[in-house]
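Chains as they are written, first to last, in the numbering used here: chain A, 3 to 167; chain B, 719 to 1078.
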């Protein structure tokens, strides 16, 4: 028993071991899986994040006016598992260290992360297409030279024709 | 002496999860026991069949919070068996590290709850405070205190930098010191001994008969550990002992759990020392052919078995798992009779039941 008294006394002198949050600082390590941040510029709309999302929190769909794609993450449905970040080829989706998820009931349906990818037109045939992110170019070609850079502005069909020529 | 039937549960202050026990008592002594399960059924096997392979990694992880690394790990192993995927060596070592860190947290939790049940609240708080060291490791390395999200098909999703390795080593040193003290209290403290010695006895023959697994089996003198008998991940390359106790009672089981933490620390330190270089995960999206596979692993509570059947599409045709608690709770029929009413929660806790895994 004496051995535990020693520990109890030591703990008493040490003071509380809990963080005084929300009145003080708390332990937030780097790499904590918190709220999702989305970068529409790097997104290539491959839909992998939507495919792997266990909760079905991610949606990518065309807007009503057909001017582009809308990306939504429902933070209330998100399980913060990070599979979307792992499988995203261009790292357009990222989990931040922000763990503050308390919000009022009226914001329930507004508690989302949104993004908009505006279609660009093909430089040759003018069909609307998802812009090709520079991140994808470096992933595919490594060093991007001027000739390859030109391919970025072509739709898949024209790109094929250009490459075969 | 008059006979009574006491209902314990489904919701009871001494139970962490819903479970219904109809206990027949004579005076103050338990005579027999009736277990009724099925209060937290969530239909997860059907859910798994409606989700694709990637989504199921997260789904199986959310089966239960304490075994939340063993489930996706075993599920991924079954998938890898079907698709013939070779996990990179570094990935295998990292899987072991995640597994063992979860084991430390889980076993400390159970030992703490034991102190809580016998009314030694300050020891309970102290055990939980020690567990906080492990929780900090999880939060820093994996980004979450419970669901590590370490596994993915063909490897792991996290990597250890030199700083992180240093951090784990530092935390483990800290844990070792506190753990020595805690182990000392659990072995020597007369109050802990008085409440746990000779309580909930499961003789070795009965343990074999009921096919119990994990610390319950090892507390009854059965030397059975999946990590030794059919090694997975990197366990065949690591040196560790399997703690076995002959006491057959509540005390023996908690001793096994505490000694397992020391072994887990040893395993993690070995892994960190000979962590091979290279990728942590396969770098392509695998195609899963039609087929079936069984994978098993040693969860903190015992042997966990996954059966998976695929049909060439990206959703499983059947996913079934058998969790350790399923074997262990039947043995309560042997452990309970002859004990006092006040020992019921203690004995239930000693098998470390994970109801949410079992009822899925």
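Beta carbons are placed, not taken as given, at the ideal position from N, Cα and C, and that holds for glycine.
Per-residue burial, residue i [other beta carbons within 10 Å of its own, 16 or more giving buried]
i                      : result
residue 144 of chain A : exposed
residue 872 of chain B : buried
residue 21 of chain A  : exposed
residue 922 of chain B : exposed
residue 727 of chain B : buried
residue 23 of chain A  : exposed
residue 820 of chain B : buried
residue 816 of chain B : buried
residue 856 of chain B : buried
residue 839 of chain B : exposed
Local conformation of residue i per DSSP, three classes
i                       : result
residue 19 of chain A   : coil
residue 164 of chain A  : helix
residue 721 of chain B  : strand
residue 808 of chain B  : helix
residue 64 of chain A   : strand
residue 38 of chain A   : strand
residue 1035 of chain B : strand
residue 1078 of chain B : coil
residue 957 of chain B  : coil
residue 32 of chain A   : coil
residue 43 of chain A   : coil
Rounded separation between residue i and residue j - CA only
i                       : j                       : result
residue 1041 of chain B : residue 1078 of chain B : 10 Å
residue 1059 of chain B : residue 977 of chain B  : 29 Å
residue 848 of chain B  : residue 897 of chain B  : 7 Å
residue 830 of chain B  : residue 927 of chain B  : 29 Å
residue 937 of chain B  : residue 60 of chain A   : 47 Å
residue 892 of chain B  : residue 63 of chain A   : 50 Å
residue 811 of chain B  : residue 953 of chain B  : 8 Å
residue 142 of chain A  : residue 51 of chain A   : 19 Å
residue 969 of chain B  : residue 14 of chain A   : 28 Å
residue 77 of chain A   : residue 115 of chain A  : 7 Å
residue 951 of chain B  : residue 979 of chain B  : 19 Å
residue 91 of chain A   : residue 1001 of chain B : 11 Å
residue 932 of chain B  : residue 725 of chain B  : 28 Å
residue 959 of chain B  : residue 985 of chain B  : 10 Å
residue 949 of chain B  : residue 32 of chain A   : 34 Å
residue 54 of chain A   : residue 903 of chain B  : 47 Å
residue 961 of chain B  : residue 945 of chain B  : 12 Å
residue 162 of chain A  : residue 125 of chain A  : 14 Å
residue 1025 of chain B : residue 796 of chain B  : 7 Å
residue 5 of chain A    : residue 1018 of chain B : 29 Å
residue 733 of chain B  : residue 1028 of chain B : 38 Å
residue 12 of chain A   : residue 100 of chain A  : 35 Å
residue 1004 of chain B : residue 801 of chain B  : 7 Å
Nearest-angstrom Cβ-Cβ length linking residue i and residue j, presumed shorter than 8 Å
i                       : j                       : result
residue 2 of chain A    : residue 117 of chain A  : Outside the modelled stretch of chain A, which goes from 3 to 167, sits residue 2 of chain A, for which no answer is possible.
residue 1023 of chain B : residue 1047 of chain B : Rounded, the Cβ-Cβ distance is 16 Å, inconsistent with contact.
residue 704 of chain B  : residue 1013 of chain B : Here chain B covers residues 719 to 1078 and nothing more, so residue 704 of chain B does not appear.
residue 790 of chain B  : residue 807 of chain B  : Actually they do not touch by this definition, with Cβ atoms about 20 Å apart.
residue 915 of chain B  : residue 967 of chain B  : 6 Å
residue 920 of chain B  : residue 934 of chain B  : 7 Å
residue 845 of chain B  : residue 1076 of chain B : Going by Cβ atoms, the distance from residue 845 of chain B to residue 1076 of chain B rounds to 25 Å, so no, they are not a contact pair.
Interface flag, residue i vs chain D, CB-CB below 8 Å
i                      : result
residue 831 of chain B : Reference to chain D is not applicable here, since the protein chains of this structure are A and B.
Only counting runs of 4 or more residues, tell me where the alpha helix (DSSP H) segments fall wholly within the region 114-162 of chain A, in order along the chain. 136-143, 148-153
What are the uninterrupted segments assigned as alpha helix (DSSP H) that are 4 or more residues long and contained completely in the region 724-780 of chain B, given in chain order? 762-767, 771-779
Quick one: which unbroken alpha helix (DSSP H) runs of 4-plus residues sit fully inside the region 70-117 of chain A? Chain order, please. 85-89
Quick check on the DSSP output: what are the complete beta strand (DSSP E) runs of length 3 or more inside the region 983-1027 of chain B, in order along the chain? 1009-1017
Which complete alpha helix (DSSP H) runs does the region 837-914 of chain B hold, if anything under 4 residues is left out? 839-860, 880-906, 908-914
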